[in-house]
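In full-length UniProt numbering, the protein residues as written are 1 to 582.
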């Protein structure tokens with residue numbers, strides 16, 4: 001048993017929002033209680049947090065995680081993008097090892113943003129190989145290793161129709177022999193041609209037969225950019241007309257993208273019982289269109305949310321794409337609410353997979369929970385929830401009670417570890433601390449840095465931070481030499497011989513034990529005051545030669561030192577190149 005207690009609110013995804021409710025999870029991994037529970041087992045404290053169902057990414061291409069933002073793939077027409085990606089796949093070679101690595105990275109990213117289930121539309125297969133089962137198994141293994149659920153879609157992109165169907169049947173028999181989903185709900189298999197732009201009617205027909213024989217869902221992509229053009233050129237038809245003719249407009253079919261559908265096509269989809277998947281994080285930056293998801297939803301078409309793959313979307317962050325969907329909806333129809341989009345990312349996406357056990361918190365549903373401990377105040381208020389008095393407010397953010405102290409206690413360990421690995425640096429940059437603590441915004445960092453630590457020059461530093469002993473000894477030697485001759489900057493060779501390279505010298509400057517005058521010129525702290533005192537004894541204005549003699553040094557030091565003093569406003573250079581004290 002796992003009991004999630006103390007939540008400020010539980011957003012169930014079923015239309016209910018339970019204030020102050022607990023969630024009891026059974027040993028079978030399903031929700032047993034919604035409401036008040038008496039802890040009887042492990043307890044997860046969700047005090048001050050919002051609990052939602054695990055998000056469901058309804059459309060991903062996990063393999064593309066290994067091919068993100070390649071040159072020539074950003075903001076280009078799909079007719080140019082497709083062959084560029086195909087060439088990259090061919091050059092690397094797609095096999096089970098690559099599939100496992102890409103899926104591991106993509107699924108880890110998904111889990112970090114609250115996604116617990118990913119639909120992976122895999123379209124690229126080794127030529128003349130029967131390793132389809134191996135690739136599917138590698139992806140499934142990555143999911144189990146990370147604790148994610150995956151719906152593996154045996155796709156096709158210009159594959160031989162018979163080969164694609166045989167491979168899909170083999171994958172289903174190997175991974176889900178008793179239906180489309182494993183008993184524990186972790187693995188699902190589906191079939192899905194890439195679209196009418198790449199696959200003929202025979203591919204759709206044969207994969208449909210495999211789906212019927214094995215109890216699999218069907219998925220494809222429609223009304224992007226290239227398929228509309230190719231459908232018109234090859235068939236004189238629209239993509240949805242062809243899908244309807246080929247038997248692919250039905251309640252077991254999910255269509256991704258759907259940019260540029262007409263009102264008549266929306267009505268057609270609704271009548272057929274098809275589900276739709278919005279992928280704004282792909283379609284918008286690539287310039288492929290904006291799907292009218294509000295109109296589809298209003299017509300009764302169940303709507304889900306996906307990221308598509310890393311080849312067209314430079315991330316697999318479903319929450320970021322949910323926010324994007326919220327922002328761009330008015331470009332294709334009416335505005336949508338945060339609740340609607342969250343519903344797409346949970347229940348709607350799950351419905352597109354035929355999974356009533358996912359994407360919602362209800363008794364009997366899979367207990368995939370997301371606890372959010374950082375919430376933007378504006379988002380929280382917009383949902384109509386009361387802000388808890390015990391929450392910590394930091395700028396735009398609300399932090400769950402007690403979490404700030406918990407994270408602050410970890411900061412010294414992060415700083416100590418960083419300095420152990422990089423002893424010449426005073427402490428980690430703010431961005432490093434943000435990453436180590438998994439903070440959503442650097443704005444939260446100052447609230448977590450407590451004495452004796454402090455923020456300085458964009459880093460988290462310890463007041464007592466010291467140079468490594470061997471570096472300190474070398475710096476002490478330089479300081480001792482400068483004590484008797486303050487302007488006799490050591491030569492570069494002397495510094496190197498003492499063990500003071502660029503990194504060591506930079507550390508000594510940051511620690512305020514040396515002053516960098518210019519490249520290769522280092523003097524002791526307080527040199528500005530000493531130099532000024534010597535110049536004050538000269539008639540004003542004075543020449544560089546006068547200054548050099550007063551400082552008893554060489555031109556190597558005198559020239560950059562004079563410019564350094566000018567830059568700090570201690571001296572003023574005259575039109576005739578003489579100087580005077582300010």
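A virtual CB, placed ideally from N, CA and C, is assigned to each residue, including glycine.
Between the alpha carbons of residue 517 and residue 523 lies a distance of about 7 Å. Taking 8 Å as the upper bound for CB-CB distance, residue 210 and residue 168 are in contact here, some 5 Å apart. Contact annotation: the segment 385-394 touches the segment 8-22, with at least three C-beta pairs closer than 8 Å.
Going by DSSP, residue 101 is part of no beta strand (DSSP E) but of the alpha helix (DSSP H) stretching over 96-112. Around the beta-carbon of residue 69, fewer than 16 other beta-carbon atoms lie within 10 Å, marking it exposed. In the DSSP assignment, residue 443 falls outside any beta strand (DSSP E) and carries neither an H nor an E. By the C-beta criterion, the segment 84-92 is judged not to be in contact with the segment 140-150, since fewer than 3 inter-stretch pairs fall below 8 Å. The beta carbons of residue 349 and residue 304 sit closer together than 8 Å. Here residue 540 has 580 and 581 as same chain residues with Cβ atoms under 8 Å from its own Cβ, once five neighbours each way along the sequence are excluded.
Residue 266 sits in a helix when the DSSP states are folded into three classes.
DSSP places residue 135 in the uninterrupted alpha helix (DSSP H) bounded by 132-146. Along the length of the segment 18-86, whole beta strand (DSSP E) runs at least 3 residues long occupy 22-25, 31-35, 42-45, 50-53 and 55-60, reported in chain order. For residue 137, the closest alpha carbon among the candidates 188, 13 and 496 is that of 188. Between the segment 196-204 and the segment 32-44 there are fewer than three C-beta pairs closer than 8 Å, too few to call the two in contact. In terms of Cα proximity to residue 7, the closest of 31, 28 and 35 is 35. The DSSP assignment places complete beta strand (DSSP E) segments of no fewer than 3 residues inside the segment 518-561 at 521-523, in order along the chain.
When Cβ pairs closer than 8 Å are counted between the two stretches, the segment 363-371 is seen to touch the segment 48-58, the count reaching three or more. If you draw a 10 Å sphere on the C-beta of residue 206, you find 16 or more other C-beta atoms in it, and that means buried. Following the DSSP letters along the chain, one finds residue 120 in no alpha helix (DSSP H) but inside the beta strand (DSSP E) bounded by residues 115-122. Three or more Cβ pairs closer than 8 Å define a contact, and the segment 179-193 meets that threshold against the segment 211-222.
Judged by DSSP in its simplified three-state form, residue 314 adopts coil rather than helix or strand. In this structure, 556 is the residue among 432, 466, 444 and 556 with its C-alpha nearest to the C-alpha of residue 491. Take the alpha-carbon of residue 276 and the one of residue 55: they are about 16 Å apart.
In this structure, the straight-line span from the alpha carbon of residue 360 to that of residue 170 is close to 32 Å.
For residue 155, the enclosing beta strand (DSSP E) has its first and last residue at 149-156.
The residue among 306, 447, 231 and 471 with its C-alpha nearest the C-alpha of residue 255 is 306. Apart from the 5 residues on each side of it in sequence, residue 513 sits with its Cβ closer than 6 Å to the Cβ of 475 in its chain, given in chain order. Our two residues, residue 117 and residue 57, have alpha carbons roughly 6 Å apart in a direct line. When DSSP states are grouped into helix, strand and coil, residue 163 belongs to the helix group. Within the model, the alpha-carbon separation for residue 191 versus residue 435 is close to 38 Å.
Where residue 202 is concerned, the enclosing alpha helix (DSSP H) starts and stops at 201-214. For residue 570, the three-state secondary structure derived from DSSP is coil.
Beta-carbon to beta-carbon, residue 430 and residue 442 are separated by about 5 Å, close enough to satisfy the 8 Å threshold.
For the 8 Å CB-CB criterion, residue 123 and residue 94 do not form a contact. In chain order, 55, 57 and 318 place their CB closer than 6 Å to the CB of residue 115, counting only its own chain and leaving out the 5 sequence neighbours on each side. Along the segment 459-509, the alpha helix (DSSP H) occurs as fully enclosed runs of 4 or more residues at 469-484 and 492-497, listed in sequence order.
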